[in-house]
Ligand code: TYD
Ligand code: MG
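Residue numbers (the working numbering): 463 to 918.
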């Protein structure tokens with residue numbers, strides 16, 4: 463903890479979520495993180511700075527009479543990126559692109575910036591002009607409208623933006639930017655908030671779109687991008703394991719589009735490549751003759767994606783059996799295991815259960831319930847699930863299979879990728895109007911029935 467001279471007023475901020483506290487606390491009451499509180503100087507007039515999107519002249523207007531802005535979105539030239547944004551950038555919007563260090567945020571934005579026709583200003587406090595140019599050449603990029611500025615001081619950056627008047631500004635990363643008028647160190651909660659608010663005001667005034675890159679940090683030594691989530695218009699996460707080749711771009715908040723869209727990329731030696739058919743990618747390494755493997759179709763935004771759910775059940779020799787859930791909510795898995803135990807009479811309380819969604823995807827949709835149950839039971843019984851079948855459905859506490867949405871999309875995707883059968887909740891079958899794929903559709907009402915029909 464940095465010591466700050468006694469005379470100045472200080473306060474403590476959580477570097478993970480930005481919660482303020484008058485004294486140091488070990489565990490943040492808001493986000494539950496440990497050891498994230500840091501002492502910072504208080505800015506006396508910070509209360510006056512509002513994160514406002516526009517300035518009123520003190521007169522209210524009738525919404526009906528307001529001339530709506532034409533939605534003149536402009537595109538990045540990378541379809542997967544545009545889709546996640548909701549169809550391109552809205553002028554004057556501010557976008558937070560957050561992700562672990564080294565995941566490929568700078569690469570993605572550089573590729574997008576170079577593909578655009580509009581004037582772009584790329585501000586980097588992390589890499590020098592030579593480093594960026596090396597990457598630019600290695601990626602084989604060429605642009606006549608992309609400008610680069612290696613700078614970290616906010617007012618200098620603002621000056622350049624005002625002079626150049628670009629359509630898009632990239633700040634890589636917000637944690638390196640600081641305002642000289644504040645005494646706080648770069649990367650502190652106060653600096654992060656004030657710099658973002660200042661850039662936001664400029665963005666709205668000049669109708670320039672700003673992408674702010676933020677590193678997600680675990681240690682709490684520099685403040686994380688979570689603090690900015692409520693200020694910005696759009697929050698996009700770039701996820702994946704840096705050791706694996708694919709990356710997923712996901713909108714977590716979007717004032718101008720859907721939050722369920724995902725974009726899939728592959729990291730190659732010549733940069734990021736869009737994956738237009740993610741189902742093929744996620745099923746590529748699949749072995750069809752193992753127990754505990756189930757294919758499901760999840761609808762992410764407007765797009766169906768086929769995935770493999772893997773379950774592994776082993777006897778537990780020690781007191782407490784282990785449960786590990788990768789890619790689905792841990793509590794959801796616990797509930798499903800209880801349903802299997804109670805409604806299907808399979809004793810899982812003395813077994814370790816490991817569950818994995820391949821490809822590093824995280825699924826929050828309820829249609830994952832039935833495939834999870836099938837994967838677990840398949841491994842428990844050492845009995846294979848039909849490898850030519852796709853399974854999707856919600857499971858209720860009574861062991862009943864409940865309806866899900868977007869069944870036609872799921873059927874079409876499964877048919878397109880050569881699957882022969884798809885198992886869906888019986889109650890969802892009514893909404894199928896036309897099944898042109900020729901895939902056999904099997905409706906089920908109960909978990910036990912699903913298991914019987916899915917075993918080979
Ligand atoms: P980078 O965009 O610098 O990540 P971030 O800005 O999120 O910190 O990407 C860094 C990683 O990407 C680095 O480990 C190397 C890898 N990479 C490639 O595999 N191929 C490439 O063409 C590029 C530019 C990077
Ligand atoms: Mg970077």
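By construction, the Cβ of each residue, glycine as well, lies at the ideal position given by its N, Cα and C atoms.
From a predicted model like this one, the values you see are computed outputs, not experimental measurements.
Check, Outcome
"For residue 909, does the count of other Cβ atoms within 10 angstroms reach 16, so buried, or fall short, so exposed?", "buried"
"Nearest to residue 621 by alpha carbon, out of 645, 660, 721 and 649?", "660"
"Could you say which of 732, 487, 757 and 712 lies nearest to residue 596 if we only look at CA atoms?", "732"
"Regarding residue 568 and ligand 2, is the C-beta to nearest heavy atom distance less than 6 Å?", "yes"
"Looking at the structure shown, is residue 467 part of a helix, part of a strand, or coil, going by DSSP?", "With a pLDDT of 47 at residue 467, under the threshold of 50, the predicted position of this residue should be treated as unreliable, though the coordinate-derived value follows. Looking at residue 467 - three-state DSSP - the assignment turns out to be coil, as it is neither helix nor strand."
"Answer yes or no: do residue 520 and residue 535 have a C-beta to C-beta separation smaller than 7 Å?", "no"
"Enumerate, from N- to C-terminal direction, the unbroken alpha helix (DSSP H) stretches of 4 or more residues contained entirely within the region 710-743.", "none"
"Taking 6 Å as the cut-off, does the CB of residue 563 come closer than this to any heavy atom belonging to ligand 1?", "yes"
"Taking 6 Å as the cut-off, does the CB of residue 729 come closer than this to any heavy atom belonging to ligand 1?", "yes"
"Closest by CA to residue 470, which one among 794, 800, 709 and 646?", "646"
"Here's the rule: buried if 16 or more other CB atoms are within 10 angstroms of the residue's CB, otherwise exposed. What is residue 793?", "exposed"
"Quick check: what's the CA-CA separation for residue 722 versus residue 887?", "23 Å"
"According to DSSP, is residue 513 part of a helix, a strand, or is it coil?", "Low local confidence applies: a pLDDT of 49 at residue 513 is under 50, so the model's placement there is unreliable, with the coordinate-based value given in what follows. Coil, per DSSP."
"Hey, how far is the Cα of residue 675 from the Cα of residue 610?", "15 Å"
"If you draw a straight line from the C-alpha of residue 902 to the C-alpha of residue 730, how long is it?", "38 Å"
"I want to check one thing, is the minimum distance from the CB of residue 709 to the heavy atoms of ligand 4 below 6 Å?", "With respect to ligand 4, the structure offers nothing, as its ligand set consists of ligand 1 and ligand 2."
"Hey, out of 725, 557 and 744, whose CA is closest to residue 691's CA?", "557"
"Can you confirm whether the region 577-588 touches the region 624-636 when touching is taken to mean that 3 or more C-beta pairs between the two stretches lie within less than 8 Å?", "yes"
"Is it the case that the region 776-795 contacts the region 755-765, given that we only count it when at least three CB pairs across the two stretches are under 8 Å?", "no"
"What is the DSSP secondary structure of residue 775, counted as helix, strand or coil?", "strand"
"Residue 597: beta carbon under 6 Å from a heavy atom of ligand 1?", "yes"
"Does the Cβ of residue 587 lie closer than 6 Å to at least one heavy atom of ligand 1?", "no"
"Since residue 735 and residue 727 are thought to touch, with beta carbons under 8 Å apart, how far apart are those beta carbons, to the nearest angstrom?", "7 Å"
"Note down the Cα distance separating residue 768 from residue 875, rounded to an integer number of angstroms.", "8 Å"
"At a cut of 8 Å, does the region 777-786 reach the region 870-884 through at least three beta carbon pairs?", "no"
"Pull up the CB-CB distance for residue 775 and residue 857, whole angstroms please, since I reckon it's below 8 Å.", "With 8 Å as the limit, residue 775 and residue 857 do not qualify as a contact, their Cβ atoms being about 17 Å apart."
"For residue 853 and chain D, any beta-carbon pair shorter than 7 Å?", "Looking for chain D here will not work: only one protein chain is present."
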